[in-house]
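Participant:
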Ligand SMILES: [Zn+2]
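In the numbering used here, the protein residues as written are 1 to 228.
The structure is reproduced here in structure tokens:
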């Protein structure tokens, strides 16, 4: 038995995060005409586990997968997604750069990122990085069928390439509110900018990449906590 989906809102589900292999939450938004996923997964195995949970819940596989940022645990499953992938131009630039590094240095450079990557890719499984099929800058409005989805870039403390996804009732943040991966630091000015962006969105639930759902208020308070 694999992990199951949790329903967050009428049209929104999440395939929950796992700490052992640093697998992030994968989101799912179902419109009347098509559906989309938020983030591709850490590997083909992770993406496949997500799709098994969708099939078990009788939900169609996504036509589109939107990436929250370029980090490996959110994107290295891109080659295994059903349908197309959408990323902002910065995210796609980071992916293209990492793909070149991988071609030059081999999979060791991916395994060197973190022990959780070595766990995800144990047994010599290949690391495959692919760029997005569609690239945007700024903001995109999608309609999956009586289901408006706003995809927009936001300044954030975690990386320079954050995309937030606002589905009915839920705001997907990726890792945006977190520390910088390499330094563990958080820039208070960027936290405030993100808090303002989150505060302006009409959604009750905020979902971070590696944590349980929180209210919008909890998320804003977390971002402003360092200001005292
Ligand atoms: Zn990240």
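Virtual Cβ for every residue (Gly too), placed ideally from N, Cα, C.
Source: prediction; values computed, not measured.
1. Which residues neighbour ligand 1 when neighbourhood means a C-beta less than 7 angstroms away from any of its non-hydrogen atoms? List them by chain order.
2. Helix or strand or just coil, what does DSSP make of residue 25?
3. Within its chain, find whatever has a CB closer than 7 angstroms to the CB of residue 203; leave out the 5 residues flanking it on each side and keep chain order.
4. Just to confirm before moving on: does the CB-CB distance between residue 175 and residue 186 stay below 8 angstroms?
5. For residue 144 versus residue 31, is the C-beta spacing smaller than 8 angstroms?
6. Taking buried to mean at least 16 other C-beta atoms within 10 Å of its own C-beta, is residue 87 buried or exposed?
7. Looking only at its own chain, which residues have a Cβ that is under 6 angstroms from the Cβ of residue 201, when we skip the five neighbours before and after it?
8. Quick one: give me the first and last residue of the alpha helix (DSSP H) that residue 50 is part of.
9. Considering only the beta carbon of each residue, do residue 181 and residue 127 sit closer than 8 angstroms?
10. Could you work out which residue in 71, 164, 51 and 41 is closest to residue 96 when comparing CA atoms only?
11. Evaluate contact between the stretch 147 to 157 and the stretch 17 to 26, counting only Cβ atoms and requiring at least three cross-stretch pairs below 8 angstroms.
12. With a Cβ-Cβ cutoff of 8 angstroms, do residue 225 and residue 197 count as a contact?
Facilitator: In short:
1. Residues with a Cβ closer than 7 angstroms to any heavy atom of ligand 1, in chain order: 69, 71, 73, 74, 158, 159, 174, 175, 178, 181 and 209.
2. For the purposes of this step, residue 25 is taken as the residue at position 25 of the chain shown. In the three-state reduction of the DSSP assignment, residue 25 falls in the coil class.
3. Numbered from 1 along the chain shown, position 203 holds the residue referred to as residue 203. Within the same chain, 166, 169, 170, 171 and 216 come within 7 angstroms of residue 203 by CB-CB distance, once the 5 residues on both sides are set aside.
4. Position 175 of the chain shown holds residue 175. Position 186 of the chain shown holds residue 186. Taking 8 angstroms as the Cβ cut-off, residue 175 and residue 186 do not qualify as a contacting pair.
5. Walking along the chain shown from the start, residue 144 turns up at place 144. Walking along the chain shown from the start, residue 31 turns up at place 31. In this structure, residue 144 lies near residue 31, with their beta-carbon atoms less than 8 angstroms apart.
6. The sequence position of residue 87 within the chain shown is 87, counting from 1. The residue is buried, with at least 16 neighbouring Cβ atoms inside 10 Å.
7. Your numbering for residue 201 matches position 201 in the chain shown. 166 and 171.
8. Along the chain shown, read from residue 1 onward, the residue named residue 50 stands at position 50. For residue 50, the enclosing alpha helix (DSSP H) covers residues 44 to 56.
9. The count along the chain shown starts at 1 and reaches residue 181 at position 181. The count along the chain shown starts at 1 and reaches residue 127 at position 127. Against a cut-off of 8 angstroms, the Cβ pair of residue 127 and residue 181 comes out as no contact.
10. On the chain shown, residue 96 is found 96 positions in, with the first residue counted as 1. Answer by Cα proximity: 71.
11. Per the Cβ contact rule, the stretch 147 to 157 is not in contact with the stretch 17 to 26 (fewer than 3 Cβ pairs under 8 angstroms).
12. If you number the chain shown from 1, residue 225 lands on position 225. If you number the chain shown from 1, residue 197 lands on position 197. No, Cβ-Cβ distance for residue 225 and residue 197 is not below 8 angstroms.
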